[in-house]
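Scroll down for the structure; my scribbles are underneath it.
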Amino acid sequence: MAHLDYYDKLLLAIVGSLAIGVAVGIGTAVAFVTGLAGGALLATVFVYEAMFRNPPLPASTTTAKAAAVVWHAFLFATIVAAFI
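Our numbering puts the first residue of the sequence shown at 173, with every later residue one more than the last.
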């Protein structure tokens, strides 16, 4: 089995969170977009961990801050779309 680094595991956790959201949306009475929004909300925890608590680069870069803003804008749009 291949050795996975810390950030590889975080990427897998993000993908897994979204996959769980999709599975909940498909396999239960929960609407698909609501399940996906829940998965995205869970993935946000791992994104926060990777970008702010234990970043691979200094946390003061504007690129990291811009990526966080874009991620949260996407998350907000997904949640709004789930309830419209």
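All residues carry an ideal CB built from backbone N, CA and C; glycine is no exception.
Note that the structure is predicted; figures quoted are calculated from it, not measured.
For residue j and residue i, the rounded distance between their alpha carbons
i: V202; j: A215; result: 18 Å
i: I256; j: A238; result: 27 Å
i: F204; j: P227; result: 32 Å
i: D180; j: I198; result: 27 Å
i: A240; j: R225; result: 13 Å
Cβ-heavy atom distance, residue i to the ligand FAD, below 8 Å
i: T206; result: Annotation note on the ligand FAD: not contained in the displayed structure, which lists no ligands.
Neighbourhood of residue i by C-beta distance below 6 Å, restricted to the same chain and skipping five residues each side
i: A212; result: L247 and T250
i: G193; result: G207, L208, G210 and G211
Test: residue i CB closer than 9 Å to a CB of chain D
i: V241; result: Protein chains in the displayed structure number just one, and chain D is not present.
Candidates the options: closest to residue i by CA position
i: I186; options: E221, A254 and T200; result: E221
i: L183; options: F218, A253, A174 and T234; result: F218
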